[in-house]
Amino acid sequence: MSPELSELPARSVAVVLGTRPELVKLAPVIHRLGSSARLIHTGQHGDEAMSGRFVAELGLPAPELLRSVGGTPRAVQIGRSLEQLDALFGEHPPAAVVVQGDTNATLAGALAANARSIPLVHVEAGLRSNDAAMPEEHNRVLVDSIADVLCAATPENRANLLAEGIDPARVTLTGNTVVEAVRRHLPPAERRGALLAHHGLEPDHYILATLHRPENTDDTATLRTVLAELAALATDGLPVLLPLHPRTRARIEEAELGGLLDGITVLAPLGYGEFLALARHTALLISDSGGVQEECTVLGRPLIVVRRSTERPESMAHFAHLVSPGPQIGRLARHRLAQGAPGLRLLERTPSPYGDGLAAQRIAALITGLVRPAAHDAALAA
Ligand code: UDP
1 MSPELSELPA RSVAVVLGTR PELVKLAPVI HRLGSSARLI HTGQHGDEAM SGRFVAELGL
61 PAPELLRSVG GTPRAVQIGR SLEQLDALFG EHPPAAVVVQ GDTNATLAGA LAANARSIPL
121 VHVEAGLRSN DAAMPEEHNR VLVDSIADVL CAATPENRAN LLAEGIDPAR VTLTGNTVVE
181 AVRRHLPPAE RRGALLAHHG LEPDHYILAT LHRPENTDDT ATLRTVLAEL AALATDGLPV
241 LLPLHPRTRA RIEEAELGGL LDGITVLAPL GYGEFLALAR HTALLISDSG GVQEECTVLG
301 RPLIVVRRST ERPESMAHFA HLVSPGPQIG RLARHRLAQG APGLRLLERT PSPYGDGLAA
361 QRIAALITGL VRPAAHDAAL AA
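Heads up, the sequence shown is in the numbering used here, so the first residue is 1 and it goes up one at a time.
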């Protein structure tokens with residue numbers, strides 16, 4: 001912990017989160033905050049595979065858990081989280097609230113802070129897909145509109161905020177905490193070798209896929225198309241690994257598409273270190289994940305993004321290609337795989353557009369700047 005942060009009162013900074021990517025990307029900030037962090041988990045991702053094990057693996061303090069949020073519709077998640085957060089903030093008011101990204105937990109945390117006039121920090125502010133069909137887009141625009149401190153990961157993110165008329169004084173370019181998350185949690189080479197051997201894989205000779213966005217899973221025809229493209233790639237010779245997100249698994253069962261998984265190596269969701277190890281040595285990633293679009297740039301691996309739109313155009317310059325579900329997935333995958341080892345080595349040398357790995361340090365300093373005056377006033381009043 002930095003010296004300034006050790007002066008903050010214990011558990012004075014509430015960090016509200018609810019999903020796997022928030023745990024991953026807030027972990028570096030929580031580590032910096034040390035004993036001043038108070039973790040509150042809404043339970044949006046409530047199960048052990050998606051959440052509990054990440055708290056342990058990322059070395060985070062035990063969170064306060066909200067009740068009956070996971071698995072409910074968006075409005076119910078936000079409503080229930082907001083009500084419970086308000087009660088918690090009423091009982092023990094934090095000096096600041098920190099949220100990250102664009103989930104329902106992010107929005108609930110932001111609204112709860114706003115309702116009690118608690119300073120709000122938004123980590124990963126200013127991403128825009130300009131796709132109004134994505135609930136995440138609404139969450140991020142709403143949170144950015146009420147946050148006091150907006151931590152923009154890239155100059156593009158900062159420009160998006162300024163273009164919306166947000167006061168530049170509220171916006172700081174910090175870089176993205178994903179860079180330090182990857183550096184800290186990527187297992188060392190020897191351990192990665194053991195993990196690959198455990199899965200029967202050779203470096204640069206397999207494909208790693210993830211799939212969970214409603215735009216790909218909720219419509220049966222689209223889900224069938226994406227799975228059929230992955231299955232066809234598997235018949236080309238390279239194993240295709242698919243750690244299955246619980247909601248995608250449920251949708252596949254519901255839509256009776258299990259047969260399409262026959263040629264694919266289906267895995268349970270992986271822990272963070274294991275996922276990073278496999279991503280580090282894959283020939284190609286295929287994913288609709290937000291976090292994976294950033295991680296591929298730190299790991300130096302190519303990615304096909306199966307989405308209508310992206311809020312991370314920075315990844316598209318060198319590392320990733322955006323395609324909508326259809327035969328272009330296989331076409332582009334084969335094109336990228338044909339670049340072979342030289343293509344992979346080139347990407348390994350290409351710098352990530354997401355910053356220098358010091359984002360959490362900058363964000364922690366911004367939080368201190370917010371909290372310190374309040375802590376000072378409280379001390380005077382006591
Ligand atoms: N991830 C993981 N295990 C897996 C699949 C993904 O640890 O089996 C990590 C991945 O490295 C990234 C995060 O989960 O950090 C992304 O989560 P997800 O795709 O669910 O959410 P998104 O980033 O799209 O919001």
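Ideal Cβ positions, reconstructed from N, Cα and C, are used throughout, including at glycine.
Three-state secondary structure assigned by DSSP to residue i
i	result
Pro63	coil
His122	strand
Gln77	helix
Ile264	coil
Pro3	Model confidence at Pro3 stands at a pLDDT of 46, short of 50, so the residue's coordinates are unreliable and nothing is read from them.
His41	strand
Ser287	strand
Leu127	coil
Ile150	The sequence as given places Leu at residue 150; Ile does not occur at that position. DSSP places Leu150 in strand when its eight states are reduced to three.
Pro9	coil
Thr174	coil
Pro187	coil
Leu276	helix
Leu233	helix
Ile207	strand
Val179	helix
Ile304	strand
Gln361	helix
Ala320	strand
Pro155	helix
Pro93	coil
Ala255	coil
Ala14	strand
Gln339	coil
Supposed close pair residue i, residue j - CB separation, criterion 8 Å
i	j	result
Thr154	Arg362	Not quite, the Cβ-Cβ distance comes to about 13 Å (not below 8 Å), so this is no contact.
Thr350	His318	5 Å
Ala95	Val121	Actually they are not in contact, since the Cβ atoms of Ala95 and Val121 sit about 11 Å apart, beyond 8 Å.
Glu294	Leu127	At roughly 10 Å, the Cβ-Cβ gap does not stay under 8 Å, so Glu294 and Leu127 are not in contact.
Val13	Leu26	Actually they are not in contact, since the Cβ atoms of Val13 and Leu26 sit about 11 Å apart, beyond 8 Å.
Leu161	Ala152	6 Å
Leu285	Val292	6 Å
Leu383	Leu242	Given that the chain is displayed from residue 1 to residue 382, the structure contains no residue 383 and the question cannot be resolved.
Residue environment, residue i, which counts as buried when at least 16 other CB atoms sit within 10 Å
i	result
Thr217	buried
Ala110	buried
Val76	exposed
Ile367	buried
Glu274	buried
Pro3	With a pLDDT of only 46 at Pro3, under 50, the local geometry of the prediction cannot be trusted, and no value is derived from it.
Glu348	exposed
Gly59	exposed
Ala333	buried
Pro302	buried
Thr297	buried
Gly90	exposed
Stretch-stretch touch, CB-based, cutoff 8 Å, three pairs: the region 61–79 with the region 124–133:
Result no; under three Cβ-Cβ pairs closer than 8 Å.
Take every Cβ of the region 314–327, pair it with every Cβ of the region 221–233, and state whether three or more of those distances are shorter than 8 Å.
Under the three-pair Cβ rule at 8 Å, the region 314–327 counts as touching the region 221–233.
Are there three or more Cβ pairs, one per stretch, closer than 8 Å when the region 179–191 is compared with the region 341–356?
With a cut-off of 8 Å, the region 341–356 and the region 179–191 count as touching, because enough Cβ pairs lie within range.
Any chance the region 243–254 sits against the region 203–215, with 3 or more Cβ pairs inside 8 Å?
Yes, the region 243–254 touches the region 203–215.
Mind the definition here: the region 16–26 touches the region 106–124 only if three or more C-beta pairs lie below 8 Å; say whether that holds.
Under the three-pair Cβ rule at 8 Å, the region 16–26 counts as touching the region 106–124.
Validate contact between the region 163–172 and the region 111–120 using beta carbons, cut 8 Å, 3 pairs:
Flag = no, the region 163–172 and the region 111–120 do not touch.
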